[in-house]
Structure formats: structure tokens, C-alpha cells
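Here the structure comes first, spelled out in C-alpha cells, and everything after it is commentary.
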Amino acid sequence: MARKNKKGRAKRRNKAQPGREEEEKAKPHTMIFSRAGVGKFVKQLATDLRLAFEPYTAMRLRFSKSNVLKDAVAIAGKFAVSHLVYFTHPSDSINMRIVACPHGPTLTFRVLSYCLRADVLSAARRINSSASIYQHPPLLIMNGFTGEGRQLRLLTTTFRSLLPSLNLQQLNLRTVRRCLLLNYDPETDQIQLRHYSVRLAPRGVSKAVRRLRRKKVPDLSRYTDFNDFVNGAGCASDSGLSDADFDGDHNTIDCLPVGVGPANPQGGASAVRLTELGPRIELQLLKVEEGVNSGAVLYHKFVMKTPEQLVELDSRARRKRRLKAKRRSDQADRVTAKAEERLRHKRRCLEGMVAAGQLSAEEADRLLKEEAKGDGEGEGESAAGANGDDAAAPPKKKTRLSSSGLAKSSAAGKDKKTVRAKALAKKSPAGKAKAKSGIKKKSTKLTARKKSAGVRKAGRAKEVTELFSFLRKRILHLQYVNNANFFCLVEIT
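Take the sequence shown: its letter number 384 is residue 384 in UniProt numbering, and every next letter is one higher.
What follows is the structure, encoded as C-alpha cells:
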């Protein structure tokens, strides 16, 4: 018996909300990677740091050896990336750089020490690292970034712009599952980075009661009475220290506005528990410069410039920019001149073909218009490069043609009628005989070339042999001096 047609289960689809995509693009996004030359541990450090900046970071980014920094800057605008964070490994240290896209500034840090996420979690007593805590960005906590100096103000602005800002009126406490701590020590001039997960637990409630409130049936086979389970008696494993033993007034929150979690009722006192997720990084600011690694140095920890030196550096940078703009304009002029010369040459060729009857005037006009259109597009691209928009476009790959490739490209540019006429001529008896005679001539030429090549090789071998014999006999000879216990080079005359 055939089954009746029944309606299937309706699928829930995420409806596109108006303005949602623009709101997500407005938030800061980061690209974290490591450059070529770093070790496997630094690569893993970059991967762990991506996890700390989830979800507004590129987790599956692959930066190969052939990629350069300009490639990352070029695609940053397309994917609404606001900052680039990458690790390098010079000869003596490990550096971390933060670049604000697309025009800078660039902050260079020295990585004094670091600890990977796996090592931090292996030392933790309890791991709270579920996938759901990475669905929302972490809460940024900055401590000690106060004092004089514009480098501190720039540090504060840069770190704040790495993560989206919070709206306290619309903030949902259930989304605050992680926090990123940045602590600045003014005495050592070092910055400590730590990554924690945030968990709330009810204050003054034992571990056994919390298990019951989570609606999980406990294992009572080891207890003689239910009171023993509640009081923790009869089992040595529950007599040790727990997180509740460290609770106090320093980590207690009273009267939460909403109940956060099944074990935290509304209006009750809760204890804030932090579990470190890693990685740990200790940084030291080395340099701040304008642009993307190419501007004037605004701050340097070890090098101080006088006002005269700063003026000289500024004038030198202006001269370099003017020279670069001049080179770009000259290149654009050369490209335009070559395109015009190529168009004039093609016009003369087409006029000759029309005069010889090999091509019609309408076909020549069409080919000439296509060539002019292609040259116009090429001039537009070169002008865009001359205006300094090369960072917005990805670098073009250079193509190299072999001799066969050049022959194919030249044959493709010929007229179709001429190629068709040659093919028909080859199929005729006279054409076949001519082709056979051409093959015989080619084989004869190849044989003559091989013989001449053999003669040349024999002549070269003879010349090389004579040269080596002359050098052995005439120039240098290793002799042993009887009066001294060493060898020396003596020139023979």
C-alpha cells in the first residue's frame, strides 16, 4: 500500500536581517599569521592567538612562503579586515607586529616569553573550554595603561580597536564567557597578555547540591546515606580542596539582573571563577612607525633622534615619495607611447592587407577598434598604478612564453582566411609533394648541424686539454723547501 504524501519537517532558515551585514562589517576584524622563517612553536602561537580573538578573525588563514605583506594588505579591504597581527623571527628575537589597515601605523613588539595554549591547559585542574564560549568576542580588560607618553595612548587606542566595543544597555551577560587581560608594568615596560574563561557559580552552595541543581542524577553507590552525599562524608575524593574553598568577597557578585546559567538563580549571590585558556605572552614595545612598515618612526625604545635628525629624515622620506611618483608617471608615459606605436603599426599592416585583397575594409576596421579598446583598458590600469593604488589591487603574475608559445600566439593573430588557404593548399597533390621535399631538406640540415656540433665539441676539448697542460707547466708549482718544514707556492719562470 502506497504511503500518503506527508509534509516534511520544515527547515529553519536564517532570514537576512536588514543592516545586519553592514553592522558586522563595521566591527573590527583581524588577520593573525606568521611569516616565513619562524619555527613550529611560533606558528602554533599564532594559531592559539587566533582562538583568543574569535569569532572576528580568520581561523583558516594560510599564509605561504610565496605570499608577502602586500598581499595581505591588498585583500584586507575586500574582507573588511581592520588589523594585521603577524609574527617574525629575526636573527636574535621573536617580534610581533600590529598593522592598522590600510594606512598604518605599525607597532613592533618584542616577544620576551610565551606559553602555548596546550601547555596552559595541561597544568589546569579543571578545563572549561567548550566550543560555545568562542561564539562571542572576549571582554577586554586593560590595567596600568596610564601615564605620560603618547606611545601609551597609542597602545591603548590600538588594543581597544582590536575588539568590538561594548554597549552596556544592550549587553547580554550570557555572552560574556571569556576575557582578555592586558597588564602593563611601567617599571619593566612590559605587557602581559592572558586569556581566561569566565564562569559563575552560586555562592555558599556545596558541590553536591550544585550537581542536584544541574538536574544530573548522581552516583550514590558509594554512600550509605543521602546525608553523606550532601555533606561529602564517606568519599575521600570529595574531601580535597575545591573552587568554593577560595571564594570570598573579592570574587562575589550580589543580585544579578538575570539568572546566568541553570545553577545561578536570579537575585542570588554568585562567585566569579576564571580558568586560564592560554596563550600567555609577554611583550615589550620597540617601535612605532607611520604607514605599513615604511613611514617615519614616531617612537623607538633604544634610539633617540634630535629635532635636526627628524627634519632630515622627513625631507628624505618626501624625496623618496616624489621620486617614486615620478618613476610611476614615467612608466605610465612609456606604456602609453608603446600602445600608440603598436596601434600605428597594426593600422599600417591592415592597410597593406586591404590593398593586397587579403582582408576586407570592414574586417580591418573591426580589428582596429578591438586593438584600440584593449589598449585603452591597459592604459587605465597603468594610470591606476601610477596614482598609487597598487595596494588595493593584487599583484599580477609575470607570464613567460617559450619559443613555441610565441609561435602559437603569432599564428593566432593571423587572418583566418590566410590560414584556411594554406591548409587547403597542403591537401592538394602538389602541396603534399612540397611538404615531403621540405621534410627531406630538414633532415639533411639536422644531419649537417649534428656533424658541425661534433666537430666544435672536439675542438673545444682539445683547446681545454692544451690550456690545462700549459697551466701545469708554466704558471704555478708546489715545491717542498728543504730548509723549512712548510710548503709554498713558487712561480716558475
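Here a beta-carbon is modelled for each residue, glycine too, at the ideal position from N, C-alpha and C.
Inter-residue spacing [alpha-carbon to alpha-carbon] between residue i and residue j
i           : j      : result
LYS398      : LEU49  : Residue placement at LYS398 is flagged as unreliable, the pLDDT there being 41, under the threshold of 50; the coordinate-derived value follows with that caveat. Roughly 35 Å separates the two Cα atoms.
ALA26       : LYS207 : 44 Å
GLY357      : LYS373 : 26 Å
ASP228      : VAL209 : 12 Å
LYS324      : LEU181 : 43 Å
ALA72       : SER91  : 24 Å
SER161      : LYS326 : 36 Å
PRO164      : ASP314 : 35 Å
LEU166      : ALA123 : 32 Å
TYR86       : GLN331 : 33 Å
GLU341      : GLU362 : 22 Å
GLU22       : TYR134 : 22 Å
LEU343      : ARG328 : 23 Å
VAL99       : SER221 : 59 Å
LEU171      : LEU139 : 11 Å
THR57       : ARG178 : 16 Å
SER64       : ALA355 : 56 Å
ARG318      : VAL311 : 11 Å
ARG174      : SER132 : 11 Å
PHE145      : VAL230 : 47 Å
GLY39       : LYS369 : 56 Å
ILE281      : ALA118 : 14 Å
residue 496 : GLU308 : Within the shown structure, residues of the chain are numbered from 1 to 493, placing residue 496 beyond reach of any answer.
THR336      : LYS301 : 48 Å
LEU168      : ARG199 : 19 Å
SER34       : THR156 : 24 Å
LEU61       : THR47  : 10 Å
Pick from the options that is closest to residue i, judged by C-alpha positions
i      : options                        : result
PRO137 : PRO28, SER221, LYS301          : PRO28
HIS103 : HIS83, LYS324, GLU363          : HIS83
SER270 : LYS78, GLY352, ALA201, SER113  : ALA201
ASN143 : THR30, ILE32, ILE191, ALA46    : ILE191
LEU350 : ALA339, ARG366, VAL42, GLN309  : ARG366
VAL81  : PRO55, SER129, HIS195          : PRO55
HIS195 : LYS320, GLU24, ILE141, LYS301  : ILE141
CYS101 : ASN95, GLY77, ILE32            : GLY77
VAL303 : LEU286, GLN169, ALA337, ARG316 : LEU286
LEU283 : PHE159, GLY149, THR465, ARG62  : PHE159
GLU24  : PHE79, ILE32, LYS301, HIS89    : PHE79
CYS115 : LEU45, ARG348, THR188          : LEU45
ARG97  : ALA74, ARG62, LEU69            : LEU69
VAL176 : THR306, SER197, THR188         : SER197
Residue i: first and last residue of the uninterrupted beta strand (DSSP E) it sits in
i      : result
PHE33  : 30 to 34
THR88  : 83 to 88
ILE133 : Unbroken run through ILE133: none, as it is neither H nor E.
THR188 : Note, THR188: premise wrong, no beta strand (DSSP E); not H, not E.
LEU285 : 280 to 289
HIS300 : 297 to 300
ALA58  : Note, ALA58: premise wrong, no beta strand (DSSP E); not H, not E.
MET96  : 94 to 100
ASN293 : Per DSSP, ASN293 belongs to no beta strand (DSSP E) and is neither H nor E.
GLU148 : Premise fails: GLU148 is in no beta strand (DSSP E) and is neither H nor E.
THR275 : 270 to 276
ILE141 : 139 to 143
Residues near residue i by beta carbon distance below 8 Å, same chain, minus five either side
i      : result
ILE127 : LEU121, THR275
GLY147 : PRO186
SER93  : ARG110, VAL111
GLY291 : HIS103, GLY104, PRO105, THR106
Proximal residues to residue i (C-beta, below 7 Å), its chain only, five neighbours per side dropped
i      : result
ARG20  : none
VAL288 : PRO105, LEU107, GLN151, LEU154, LEU298, TYR299
Segment limits, alpha helix (DSSP H) that includes residue i
i      : result
LYS338 : 307 to 355
LEU162 : That residue, LEU162, is in no alpha helix (DSSP H); it is neither H nor E in DSSP.
ILE75  : 69 to 76
ASN227 : 226 to 231
LEU51  : 40 to 52
LYS25  : 20 to 26
SER66  : SER66 -> no alpha helix (DSSP H), and no H or E assigned at all.
VAL120 : 117 to 122
Residue i at chain D interface by Cβ criterion, 7 Å
i      : result
ALA271 : The chain inventory of the structure shown lacks chain D, comprising one protein chain alone.
Distance cut-off 6 Å: residue i Cβ against heavy atoms of the ligand MN
i      : result
LEU116 : In the structure on display, the ligand MN does not appear, and there are no ligands present to speak of.
Contacts around residue i, its chain only, beta-carbon distance under 6 Å, and the 5 residues preceding and following it disregarded
i      : result
LYS346 : GLU371
SER113 : GLU282
GLY37  : HIS89
PHE41  : none
TYR184 : GLY144, PHE145, ILE191
Problem - Touching by the beta-carbon criterion (3+ pairs, under 8 Å), the segment 292 to 302 and the segment 214 to 229 - result: no
Problem - Three-pair Cβ contact test at 8 Å for the segment 274 to 284 versus the segment 44 to 59 - result: yes
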